[in-house]
Amino acid sequence: MQQHIIELNQMMIEDWQNNFVFTGEWWILLGLTIVPWFLWWKILDKRRILEILLFGLFVILTTSFLDVLGWNYSMWYYPNTLLALCTPLVPINYSLFPFFYMLIFQYFSEWKSFIVASIILSAIFSFIFEPLSEWINFYKELKWKHIYSFPIYILLGISIKLLVEKITIVHKKFT
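What follows is the structure, given as structure tokens:
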């Protein structure tokens with residue numbers, strides 16, 4: 024089994040090197056990975072940097088875990104990736120998701136407005152970004168439907184906001 028895994032990895036690396044790296048699509052993925060972080064730094068409320076960054080890091084951890092879980096259970100796959108042998112779609116999990124979630128966390132601090140913004144963002148991710156990612160061949164659904172993502176994206180933002188607020192309360196209590 025180990026030999027088959029090694030051979031498969033070598034084939035995947037060769038395919039990535041010969042057919043994807045440095046193509047137009049690859050440059051788009053690279054841009055989608057880097058540009059959001061520059062934009063984030065420009066618009067970041069630097070007085071709340073630790074709280075917002077903590078929120079973003081929890082988004083990265085959670086989306087990456089869920090992405091690997093879905094990929095391993097063959098719910099979806101990625102025909103093209105920024106890095107060879109990297110299962111998660113790096114620009115989405117490490118840049119776009121945290122960027123947009125940190126934006127709503129920064130600008131919608133009240134729960135009601137945050138929930139509304141989370142619902143809108145979830146709809147955009149589920150019904151615009153996911154189909155667009157499929158259309159441009161960055162993502163392919165196997166046993167998944169966009170509608171399944173919608174409540175998950177909502178719960179993602181709400182649960183992480185709740186967690187970060189609890190951590191912030193504990194931190195303030197002990198400082």
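When the letters of the sequence shown are read in order and numbered with this note's numbering, they come out as residues 24 to 198. Quick reminder that beta carbons are idealized off the backbone N, C-alpha and C, glycines included.
{"Query": "Rounded C-alpha distance that separates residue 131 from residue 183", "Result": "14 Å"}
{"Query": "Cβ pair count under 8 Å reaching 3, the stretch 29-36 against the stretch 91-98", "Result": "no"}
{"Query": "Residue range of the unbroken alpha helix (DSSP H) whose run includes residue 95", "Result": "72-95"}
{"Query": "Residue 121 - containing alpha helix (DSSP H), residue span", "Result": "120-130"}
{"Query": "Where residue 163 falls: helix, strand or coil (DSSP)", "Result": "strand"}
{"Query": "For residue 176, the three-state DSSP class (helix, strand or coil)", "Result": "helix"}
{"Query": "Spatially closest choice to residue 146 from 173, 72, 166, by CA coordinates", "Result": "173"}
{"Query": "Supposed contact pair residue 75 and residue 67 - C-beta distance, whole angstroms, cut 8 Å", "Result": "7 Å"}
{"Query": "Other residues of its chain near residue 39: CB distance less than 6 Å, five sequence neighbours each side excluded", "Result": "107"}
{"Query": "For residue 100, three-class secondary structure by DSSP", "Result": "strand"}
{"Query": "Given residue 105 as reference, the closest of 178, 52, 24, 168 once Cα atoms are compared", "Result": "52"}
{"Query": "Residue 127 burial status per 10 Å Cβ neighbour count (16 or more: buried)", "Result": "buried"}
{"Query": "Assigned exposure category for residue 144 - 16 Cβ within 10 Å defines buried", "Result": "buried"}
{"Query": "Minimum C-alpha distance to residue 158 - residue among 85, 56, 101, 79", "Result": "101"}
{"Query": "Touching by the beta-carbon criterion (3+ pairs, under 8 Å), the stretch 151-165 and the stretch 178-195", "Result": "no"}
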